[in-house]
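Peer 1: With the first letter of the sequence shown counted as 1, position 328 gets the number 328 in full-length UniProt numbering; the numbers rise by one all the way through.
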Amino acid sequence: MVADQELKRYRAYWSQFIEGLTQPSLPALIGTVVVATSVFFWCVIFITPTFIATTGYGYFINGATDEYGYLTSEVLRIKQTPAQQLSIALVGESSLREAISDVTHLNHWVEEKIGQPVVSYDLMAGSLSHWEAVCILDNLNENFRGIVVLYISPNALARKNDYLAELVRYPRLALDCPSFDAELRLAGVTVPQRFNNYFLNHYSFFIARQSALLNLITGQVQLERHKIARWEFIMNSQRWQLAIQTVKQWLEGENYHHNRQANLGVYARLIQRLQQSKQIQVALVESVRNPKVESIIYATPAAKQLYDEYQIDVKKFVRKNNVFYWDIGKRVNLQPEDFVDHTHLKDHQSRQRYTLALAELLAKRLLQIQ
Numbered sequence: 001m002v003a004d005q006e007l008k009r010y011r012a013y014w015s016q017f018i019e020g021l022t023q024p025s026l027p028a029l030i031g032t033v034v035v036a037t038s039v040f041f042w043c044v045i046f047i048t049p050t051f052i053a054t055t056g057y058g059y060f061i062n063g064a065t066d067e068y069g070y071l072t073s074e075v076l077r078i079k080q081t082p083a084q085q086l087s088i089a090l091v092g093e094s095s096l097r098e099a100i101s102d103v104t105h106l107n108h109w110v111e112e113k114i115g116q117p118v119v120s121y122d123l124m125a126g127s128l129s130h131w132e133a134v135c136i137l138d139n140l141n142e143n144f145r146g147i148v149v150l151y152i153s154p155n156a157l158a159r160k161n162d163y164l165a166e167l168v169r170y171p172r173l174a175l176d177c178p179s180f181d182a183e184l185r186l187a188g189v190t191v192p193q194r195f196n197n198y199f200l201n202h203y204s205f206f207i208a209r210q211s212a213l214l215n216l217i218t219g220q221v222q223l224e225r226h227k228i229a230r231w232e233f234i235m236n237s238q239r240w241q242l243a244i245q246t247v248k249q250w251l252e253g254e255n256y257h258h259n260r261q262a263n264l265g266v267y268a269r270l271i272q273r274l275q276q277s278k279q280i281q282v283a284l285v286e287s288v289r290n291p292k293v294e295s296i297i298y299a300t301p302a303a304k305q306l307y308d309e310y311q312i313d314v315k316k317f318v319r320k321n322n323v324f325y326w327d328i329g330k331r332v333n334l335q336p337e338d339f340v341d342h343t344h345l346k347d348h349q350s351r352q353r354y355t356l357a358l359a360e361l362l363a364k365r366l367l368q369i370q
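1) So, residue 64 versus residue 221, is the Cβ gap smaller than 8 Å?
2) Compare the C-alpha of residue 44 against each of 287, 197, 260 and 271 and name the closest.
3) Kindly indicate which residue of 270, 349 and 338 has the alpha-carbon position closest to the one of residue 136.
4) Shortest alpha-carbon distance to residue 131 belongs to which of 95, 165, 154 and 190?
5) Smallest Cα separation from residue 350: which of 334, 289, 342 and 211?
6) Along the chain, where does the alpha helix (DSSP H) containing residue 204 start, and where does it finish?
7) So for residue 237, helix, strand or coil by DSSP?
8) Rounded to whole angstroms, how far is the Cβ of residue 139 from the Cβ of residue 177, which I believe are closer than 8 Å?
9) Count Cβ pairs between the stretch 81-98 and the stretch 238-250 that sit closer than 8 Å; are there 3 or more?
10) Check whether the stretch 259-277 and the stretch 179-198 touch, using three or more Cβ-Cβ pairs below 8 Å as the test.
11) Residue 42: buried (16+ other C-beta within 10 angstroms of its C-beta) or exposed?
12) Buried or exposed, going by whether 16 or more other CB atoms sit within 10 Å of the CB of residue 122?
13) Is any heavy atom in the ligand FAD found nearer than 7 Å to the beta carbon of residue 280?
14) Go through its chain and collect everything with a Cβ distance to residue 2's Cβ below 6 Å, but skip five positions before and after it.
15) Can you check DSSP and say which residues form a bridge with residue 147?
16) So the candidates are 365, 336, 310 and 332; which of them puts its Cα closest to the Cα of residue 323?
17) I need the DSSP call for residue 295, collapsed to helix, strand or coil.
18) Report buried or exposed for residue 272, applying the criterion of at least 16 other Cβ atoms within 10 angstroms of its Cβ.
As structure tokens, then:
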């Protein structure tokens, strides 16, 4: 009986405790508002480019796959690092990221070939757009000296302005970039309201990373690179159909014809800004493609003609803008068995071949900058 009474009393206390937690009250509301307001003002005052650049990306990413959180932190770090040595900036999407065995390997091989220290910056992320590349490269240290490797692909030149509008609604980078705003105006996309405050300008970016607050307690998160290279599945017919649809996106309708000039204009303006420094060279690197995709591209005369047009467009652009163009996948004779899908390398030896070929090209050009 005594035990039952104690149990009832315990249950009553627990019920009152839960009720106090869950039922709204004026003190609770005031406390919530005070805490939220304090956190907001703390962010406005202390979340700055310098704070992110010096604290480390591991505190600002949602998890091991948050490449754009890493990119933001890395670009801000580079911007505030005095540029002294020859440097390489690798800017591209996942196909380039997976083709390079390791940026440190690339850096080591380039140093061996030119006989002096080099710094290589890994600025690659899945589905990175050329509009986002504008923000990344416009934020390089003004004393950057070296070569910028920038990806190009049929998909990039076929992209619609709708994609750019999505980047405004759901920004993946938190980088101040007047050139990006200029591209928005040229594309007819509304420029978001800008404030004289870094946090307010990139509020959406930080709200999307609320869970990163736990990193302050649990510690920094290490970014996982080359995740696609560790996939262990067979490209069955269903997966190949999905890959084919991805490849054919730029062939559908008049996407390429309607958008190529506008997108080449984005590349041209970016390159012209980089070339204002006599210490920077630019190399366009063709996206990595499984040779099996060639059979898809050449499946019809119309598709073959469109792909031929792309190659002509790129060659004209390269000559006009005085940049290099490297199709390393063809240079090292990549085979279908080297790939995990339509665009990502899985074989370690093929990735080393690709990286060595890239290192040789980079070394040759860096020797001209010294």
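Glycine included, each C-beta is placed from N, C-alpha and C at the ideal position.
Peer 2: In short:
1) yes
2) 197
3) 270
4) 165
5) 334
6) 203-207 is the extent of the alpha helix (DSSP H) around residue 204.
7) helix
8) 7 Å
9) Flag = no, the stretch 81-98 and the stretch 238-250 do not touch.
10) Judged by Cβ distances under 8 Å, the stretch 259-277 makes contact with the stretch 179-198, as three or more pairs qualify.
11) By the 16-neighbour rule on beta-carbons within 10 angstroms, residue 42 is exposed.
12) Counting the other CB atoms within 10 Å of its CB gives residue 122 a total of 16 or more, which places it among the buried residues.
13) With respect to small molecules bound, the structure shown includes none, and the ligand FAD cannot be examined in it.
14) Below a pLDDT of 50, predicted positions are generally treated as unreliable, and residue 2, at 45, falls in that range; no measurement from the model is reported.
15) 88 and 281
16) 365
17) helix
18) exposed
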